[in-house]
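What follows is a short report on a single structure.
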Amino acid sequence: MLEVACFNVASAIVAAENHADRIELCEDQAAGGTTPSLDWLIQVKARVSIPVFVMIRPRGGDFVYTEAEFARMQEELQAFKQSADGFVFGILDSESKVDKSRTAELVRFVHPKPCTFHRAFDQTSDHYAALEDVITTGCKAILSSGGQPTALEGINVLGELVKKAGDRIVIIPGGSVRAANSARILQSTGAKVLHSSCCPSSTSSAITAELPDVAEVRGMVQSLQ
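Each residue of the sequence shown is one higher than the one before, counting from 122 in the numbering used here.
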């Protein structure tokens with residue numbers, strides 16, 4: 122399965138048209154993704170038939186949230202609850218551990234919609250303890266680069282996470298995953314799902330760079346077959 126991170130409506134349409142399996146819809150690519158508008162989700166759902174997961178992240182920066190920010194996340198979930206196919210979020214405590222109680226509260230709130238714990242996971246101090254913590258929250262998947270800037274750099278940790286997770290939770294490698302390295306990541310980690318924005322090269326025009334590279338999407342789909 123290929124999940125494509127899309128930062129606007131047009132990107133989601135391109136990803137779906139080129140056989141991506143799922144969309145992660147978010148805003149503000151420079152910040153690593155934040156909560157998109159409900160209008161975006163409505164537009165995307167009207168144009169694509171594949172599942173659309175929505176990121177719930179009130180701001181860029183760290184993943185330790187105030188009471189007001191947590192309340193905002195709940196409000197955002199309420200707004201998206203009916204239309205989204207699933208959700209992507211992550212909350213840490215002040216010790217860089219998974220905030221199990223808050224995360225579990227959000228998971229229960231949107232049940233039975235599946236939830237992915239995003240790359241806040243990579244900021245935890247102990248990834249293997251964090252794996253067990255996330256499992257207890259009821260999340261169905263973890264998006265991770267193995268605690269490194271890229272999935273290739275974290276490939277060994279990702280492989281261990283996949284083994285330890287077994288069939289209890291899905292580990293999704295993400296972080297500079299491209300068509301050129303996707304087969305290696307899949308083979309080395311045993312993962313079955315990949316996450317990528319499939320962005321064009323840095324030499325592309327600003328307009329083109331806002332959309333997924335068709336060759337990247339198709340190349341990654343092929344590597345997953």
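Even glycine gets a Cβ: it sits at the ideal position worked out from N, Cα and C.
_Please classify T324 as buried or exposed, where buried requires at least 16 neighbouring CB atoms within 10 angstroms._
Note on T324: pLDDT 46, under 50, position unreliable in the model; no value is reported.
*For S265, count neighbouring Cβ atoms within 10 angstroms of its own Cβ and tell me buried if that reaches 16, exposed if not.*
By the Cβ neighbour-count rule, S265 is buried, with 16 or more other Cβ atoms within 10 Å of its own.
*3-residue-minimum beta strand (DSSP E) runs that sit fully inside the region 268-298, ordered along the chain*: 291-294
*Kindly give me the distance between the Cβ atoms of T258 and V278, rounded to whole angstroms, as I take these residues to be in contact under 8 angstroms.*
About 20 angstroms; that fails the 8 angstroms criterion.
*Report the residue ranges of all beta strand (DSSP E) runs contained in full by the region 205-240; include only those spanning at least 3 residues, in chain order.*
207-210, 236-238
*Counterpart residues of M176 in DSSP-defined beta bridges*: V209
*Start and end of the alpha helix (DSSP H) containing L307?*
300-310
*Measuring alpha carbon to alpha carbon, tell me which of E253, S204, D160 ends up nearest A225.*
E253
*Since C260 and V125 are thought to touch, with beta carbons under 8 angstroms apart, how far apart are those beta carbons, to the nearest angstrom?*
Wrong, their Cβ atoms sit about 20 angstroms apart, outside the cutoff.
*Which one of R143, G153, H232 has the shortest CA to CA distance from Q203?*
It is H232 whose Cα lies nearest to the Cα of Q203.
_For S317, count the other beta carbons within 10 Å of its own beta carbon; 16 or more makes it buried, fewer makes it exposed. Which is it?_
buried
_Environment of E337 [buried if 16+ CB atoms lie within 10 Å]_ = Its Cβ being crowded by 16 or more others within 10 Å, E337 is buried.
*Do G268 and S303 have their C-beta atoms closer together than 9 angstroms?*
no
*Excluding five sequence neighbours on each side, which residues of the same chain lie with their C-beta closer than 8 angstroms to the C-beta of A131?*
E331, L332
*asked:* Quick check: the Cα distance between A251 and D243, rounded to an integer number of angstroms?
replied: Using only the alpha carbons, I get a separation of about 9 angstroms.
*Return the residue from the list D206, L307, S222 that minimises the CA-CA distance to P294.*
L307
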